[in-house]
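Worksheet: the structure to be examined is printed underneath.
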Amino acid sequence: MAKYLIDANLPYYFGLWNNSDFKHVKDLNDTWSDDEIWNYAKNNNLIIITKDTDFSNKVMLKGAPPKVIHLRIGNLKIKDFHRLLSNDWEFIIDVIKDSSLVNVYIDRIESIK
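Counting in this note's numbering, the sequence shown runs from -5 upward without gaps.
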């Protein structure tokens, strides 16, 4: 059963997300608005993974659920993107358990309860 919903603005083919814990918006409906993605994640108890500031803004205004992992890393080559997430993924999923929002930067990870 999926735990994470990958936003359409993130790579579809990405090794870290190639298992049943992850569902990509493109597999559902890649024309959904942010509100539709938000509601789907909320109704299905999924954590949104995105580069879109709209979702982190919603968490700050409305609170969770859904929880959001916001990748604030700019545009990286796919190998650098993979290296960053692979190195920090276990920590990120540990931090999101007790947070409503996790902001992932190149040089740090911040959580907001």
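Every residue, glycine too, gets a C-beta built ideally from N, C-alpha and C.
As the structure is a computational prediction, the values presented were derived from the model and not from experiment.
| query | result |
| --- | --- |
| Uninterrupted beta strand (DSSP E) stretches inside the segment 35 to 82 (no shorter than 3 residues) | 41 to 44, 62 to 65 |
| L10 to I90 span [Cα, whole Å] | 17 Å |
| Validate contact between the segment 97 to 105 and the segment 63 to 81 using beta carbons, cut 8 Å, 3 pairs | yes |
| Identified DSSP bridge partners for K(-3) | Answer is none; K(-3) lacks a bridge partner. |
| Integer-rounded CB distance, given that D28 should sit under 8 Å from D48 | 5 Å |
| Backbone CA spacing between P59 and K107 [nearest angstrom] | 12 Å |
| Counted within 10 angstroms of its Cβ, other Cβ atoms place Y7 as buried (16 or more) or exposed | exposed |
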